[in-house]
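Peer 1:
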Amino acid sequence: MVLELFLNAVVAGILLGGFYAAVALGLSITFGQLDIVNIAHPAFVIVGSYTTYIINESLGLDPILAGVLATPIFFGAGVLLYRFYYVSFERTGQESLSGLAFFFGIMFIVEVVLIMVYGVDYRLVEADYIGKTISFGFIIIPIRMLAPFLMASVMTLGVYLYLSRTFNGRAILAVSQDRLALQLMGADPVKIKQLALGIAVATAAVAGSLLIIIGPVEPSVGRLYIGRVFAIVILGGMGSIGGTMTAALMIGVVESLVATFYGPSWAPAVGFIILLVTLAIRPQGLFGRA
Amino acid sequence: MAAVFIAGMIFTEVADNEFYFFASYVVLQAVIMATAWNILGGYTGYVNFGSAGFFGVGAYTAIALHKAFGLPLPLLILAAGAMSGLIGLGAGYLTLRIKGVYFAIATLALAIVFETIAINWEFVGGASGAYILTPEEFLFFDSYIEMLFMLILSLAIGSVVVARYLSTSRIGRGLAAIRDDEIAAECNGVPTLKLKLISTSVMGAMMGVAGAPYPFFVTYVDPASAFNLLIAVNAIAMPMIGGTATWLGPVIGALVVGGMQEIITVTISSEMNLLVVGVMLVGFITLAPKGIVGLVQDYLKKRRSR
Numbered sequence: 005m006v007l008e009l010f011l012n013a014v015v016a017g018i019l020l021g022g023f024y025a026a027v028a029l030g031l032s033i034t035f036g037q038l039d040i041v042n043i044a045h046p047a048f049v050i051v052g053s054y055t056t057y058i059i060n061e062s063l064g065l066d067p068i069l070a071g072v073l074a075t076p077i078f079f080g081a082g083v084l085l086y087r088f089y090y091v092s093f094e095r096t097g098q099e100s101l102s103g104l105a106f107f108f109g110i111m112f113i114v115e116v117v118l119i120m121v122y123g124v125d126y127r128l129v130e131a132d133y134i135g136k137t138i139s140f141g142f143i144i145i146p147i148r149m150l151a152p153f154l155m156a157s158v159m160t161l162g163v164y165l166y167l168s169r170t171f172n173g174r175a176i177l178a179v180s181q182d183r184l185a186l187q188l189m190g191a192d193p194v195k196i197k198q199l200a201l202g203i204a205v206a207t208a209a210v211a212g213s214l215l216i217i218i219g220p221v222e223p224s225v226g227r228l229y230i231g232r233v234f235a236i237v238i239l240g241g242m243g244s245i246g247g248t249m250t251a252a253l254m255i256g257v258v259e260s261l262v263a264t265f266y267g268p269s270w271a272p273a274v275g276f277i278i279l280l281v282t283l284a285i286r287p288q289g290l291f292g293r294a
Numbered sequence: 027m028a029a030v031f032i033a034g035m036i037f038t039e040v041a042d043n044e045f046y047f048f049a050s051y052v053v054l055q056a057v058i059m060a061t062a063w064n065i066l067g068g069y070t071g072y073v074n075f076g077s078a079g080f081f082g083v084g085a086y087t088a089i090a091l092h093k094a095f096g097l098p099l100p101l102l103i104l105a106a107g108a109m110s111g112l113i114g115l116g117a118g119y120l121t122l123r124i125k126g127v128y129f130a131i132a133t134l135a136l137a138i139v140f141e142t143i144a145i146n147w148e149f150v151g152g153a154s155g156a157y158i159l160t161p162e163e164f165l166f167f168d169s170y171i172e173m174l175f176m177l178i179l180s181l182a183i184g185s186v187v188v189a190r191y192l193s194t195s196r197i198g199r200g201l202a203a204i205r206d207d208e209i210a211a212e213c214n215g216v217p218t219l220k221l222k223l224i225s226t227s228v229m230g231a232m233m234g235v236a237g238a239p240y241p242f243f244v245t246y247v248d249p250a251s252a253f254n255l256l257i258a259v260n261a262i263a264m265p266m267i268g269g270t271a272t273w274l275g276p277v278i279g280a281l282v283v284g285g286m287q288e289i290i291t292v293t294i295s296s297e298m299n300l301l302v303v304g305v306m307l308v309g310f311i312t313l314a315p316k317g318i319v320g321l322v323q324d325y326l327k328k329r330r331s332r
C-alpha cells in the first residue's frame, strides 16, 4: 500500500517535474545565459495561461495549440522588453539591482492588471482529454499531467537543439561569456540578447498553456513558481538546459512525495527550501560551472 | 521629532472622524517598513524582497504570545522585534555566501517559507486565520484606534531616529563602504560582517515591530494578509520613490505613496492603488533612480548655480 502510494507519487512527480522544466526554461535562458534576473517570468507564464484560456474559450482550440499560436506575440513582447531594459539599465551599467527591482515591479503590474481585468476567480480550459486517465497496473496517470509533460519535453529538446546547433543559438550561449569575441564573429550582442529574451518569453506562452491544463489558474499563482523556477535554474547550474531538466524532475519528485506523505500545503515551500539550501551550500548548482 | 509626537497628541484631541486614524495608521506603518527596508537596501546595498516575511513573523509572534499567555501589547512588540531581529541576524549570515541578486531571491524564498509555516500552524489559526478581540480599556485615549495611532506614531518616530543615527554615525559610513564595494571595504579594515549583521538585524527587528500591532489593528489576520506581497512591494517602492540615499527618502516616499494609496483606495478602487504603486516603482527606477529627494536636490543645485 505504501509502496503503491510511493510509486504513484514518484510518477506524478516526474510528470510534474517535466512541466516545471517548461516553466524554468525561459528563466534558464535569461538568468542563466544573459544574467538578466527576470523575476517576472512566472508572471508571464500566467499571462500565457490567460491567453490560452481566452483562445480556448472563444475559438474552442486545443489549449496546447493555443499556447503555441501565442508564441509569436510573446516573442515580440520579449523583444520589446529587452529594448526597454537595455536602454534603461544595461547601457548605463546599473543593471543588477535596479534591473531586479524593475522586473519585480513588472511582475506586480502584470498580476494586478490580470486581477483588474479577470478578477481573482479560478479559470480553466476545456479539452476532451482533461479528466481522463490511463493506468498501468496500480499506477494511474492522468492525461492532464501526461500531455503537459510530453509537450514540455518536446519544447525543452527543441530549445536545446536550437541553442547547440544553430549560429544564433550558439551566439546566445556565448554572449554572456565574451561580448568582444562575439562581436568579432560578426554577431551584434544587443540583437542576440534581444533574440534570446524573445525566445525566453515565448516559452512562457507554451508553459502557461500547460499550467492551465494541469489545473485552474488565478493571477497570484505565479508567485509560487518564483521559488521553484529559481531553485531549478540555480540547482541546474545556471543555463545548462540538461541541468535545468534534471533539476526540474528532482524538484517535481520531491514536491510530489512531500505532498503525498505530509500534505499538499507543505509542497510550495519545498522549492524555496531547496533554493535556500542550494544558495547557502552549493551556489554553483549540481552541474554548475564553478 | 518631539514636535511630531505632540502634533499627534493634538490630532487625537481635535479629529473626531475615525477614518483619519485608520488611514494614518496605515501610512505610519509604511513609514516604519520603508525606513527599515532602507537600512539594508539603501545604506548597505542588499535588496530585500522578503519584507512581508519579517512583517508576518512579527504579526504572528504577537498573535501566538497573545493567545498563549495574554501578554500586553508593549511586551508583544518587544518579542516580535526580537523574533524578526533574530531572523534578520540569520539572513545576515546568509550574506556571507549569497550576494547581489542571489541574496534578493533568497529573501523572497525566506518569506514564502515562513508563510507556509504559518499556514500549517494550527495554534494560530492555520490557513483560515486568527481573530483578536479588542480590549475594553484604552488607557487615557478616547477610543481604541486613537491609542493604536499614538502607538504606531511613537514606533515610527523611534524607527526614524534609529535610521538617522545609523546613517550619520560611523556605522553608516561603514555600511556605505560595503554598498559601494564590499571587497574594498573589507580590505580597508571595515568589519563588514559585523556591520552587515547589525544592518540585517535592525531591519528585521523594525519590520517585526511594525507587524506586531497589525493583528490588533485589523482584528483578523490570515497568512495571506500578513505575508501579502503588497507589503514587500511597498517596502521596496517607497524608499525607491522617495530616494534611498538618506534617512529622509523613505519617510517622504512612505508619506507620499502611502497617502496617495489611501486616497485612491477610497476614491477609485484598491486594485487601482496597487497598479499605481507598481507603475510608480518602475517609473522611478527607470527615470529617476535617486527618487524624490534626488530630484529636489538636483533642482536646488540647478537654481543655486544659475
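These protein sequence lines map, in sequence, to chains X and R. First residue of the first sequence: 5, per our numbering; consecutive thereafter. First residue of the second sequence: 27, per our numbering; consecutive thereafter. A virtual CB, placed ideally from N, CA and C, is assigned to each residue, including glycine.
Can you check whether the CB of Met176/R is closer than 8 angstroms to the CB of Gly34/R?
Peer 2: Contact: yes.
Peer 1: So, helix, strand or coil for Arg123/R, using DSSP?
Peer 2: coil
Peer 1: Can you name, in chain order, every residue of its own chain whose Cβ lies under 7 angstroms from the Cβ of Leu177/X, other than the five neighbours on each side?
Peer 2: Gln37, Leu167
Peer 1: Runs of 4 residues minimum, wholly inside the region 49-116 of chain X: which ones carry the alpha helix (DSSP H) assignment?
Peer 2: 67-89
Peer 1: The region 245-278 of chain X: which residues have C-beta closer than 7 angstroms to a C-beta of chain R, in chain order?
Peer 2: Ser269, Trp270, Pro272, Ala273, Phe276, Ile277
Peer 1: Which of helix, strand or coil does DSSP assign to Arg127/X?
Peer 2: strand
Peer 1: Please state if the CB of Ile218/X and the CB of Met159/X are separated by a distance shorter than 8 angstroms.
Peer 2: no
Peer 1: Within the same chain, show all residues whose beta-carbon is closer than 7 angstroms to that of Gly114/R, passing over the 5 residues directly before and after it, in chain order.
Peer 2: Phe80, Thr226, Ser227, Met229, Gly230, Ala231
Peer 1: Mind checking if Met120/X is an interface residue toward chain R, Cβ cutoff 8 angstroms exclusive?
Peer 2: So, interface residue.
Peer 1: Can the beta-carbon of Ile236/X be found less than 8 angstroms from the beta-carbon of Thr248/X?
Peer 2: yes
Peer 1: Go through the region 54-122 of chain R residue by residue and report every complete run of the alpha helix (DSSP H) that reaches 4 residues or more, in order.
Peer 2: 77-95, 99-120
Peer 1: For a contact meaning CB atoms closer than 7 angstroms, what does Ile230/X contact in chain R?
Peer 2: Taking a Cβ-Cβ threshold of 7 angstroms, the residues of chain R close to Ile230/X are Leu134, in chain order.
Peer 1: Report, in whole angstroms, the separation of the C-beta atoms of Ser193/R and Trp63/R, which I expect to be a contact under 8 angstroms.
Peer 2: About 14 angstroms separates the two Cβ atoms, so there is no contact after all.
Peer 1: Looking at the strands, I want to know which residues DSSP matches up with Phe35/X.
Peer 2: DSSP lists no partner for Phe35/X.
Peer 1: Which residues, in chain order, does the region 105-124 of chain R contribute to contact with chain A at a C-beta distance below 7 angstroms?
Peer 2: The structure shown contains no chain A; the protein chains it does contain are X and R.
Peer 1: Pull out every residue of the region 111-140 of chain X whose Cβ sits closer than 9 angstroms to any Cβ of chain R, in chain order.
Peer 2: Met111, Phe112, Ile113, Val114, Glu115, Val116, Val117, Ile119, Met120
Peer 1: Which runs of the alpha helix (DSSP H), 4 residues or longer, sit entirely within the region 231-270 of chain X?
Peer 2: 245-266
Peer 1: Under a CB-based cut-off of 8 angstroms, is Ala294/X close to chain R?
Peer 2: Note that Ala294/X has pLDDT 42, beneath the 50 cutoff, so the model's placement of it is unreliable and no number is given.
Peer 1: Can you tell which of Leu99/R, Ser77/R, Ser180/R, Glu148/R has its C-alpha closest to the C-alpha of Ile32/R?
Peer 2: Measuring from the Cα of Ile32/R, the nearest candidate turns out to be Ser180/R.
Peer 1: Nearest by alpha-carbon distance to Leu102/R: which of Ser331/R, Gly317/R, Thr87/R, Leu112/R is it?
Peer 2: Looking only at Ser331/R, Gly317/R, Thr87/R, Leu112/R, the smallest Cα-Cα distance to Leu102/R is reached by Thr87/R.
Peer 1: Would Thr245/R be called buried (16 or more neighbouring beta carbons within 10 Å of its own) or exposed?
Peer 2: exposed
Peer 1: Count the other CB atoms, across all protein chains shown, that sit within 10 Å of the CB of Leu21/R; report buried if there are 16 or more and exposed otherwise.
Peer 2: Shown here, chain R extends from 27 to 332; a query on residue 21/R therefore has no answer.
Peer 1: Label Asp66/X either buried or exposed according to how many other C-beta atoms from any shown protein chain fall within 10 Å of its C-beta, with 16 as the threshold for buried.
Peer 2: buried
Peer 1: Quick check on DSSP: helix, strand or coil for Ser295/R?
Peer 2: coil
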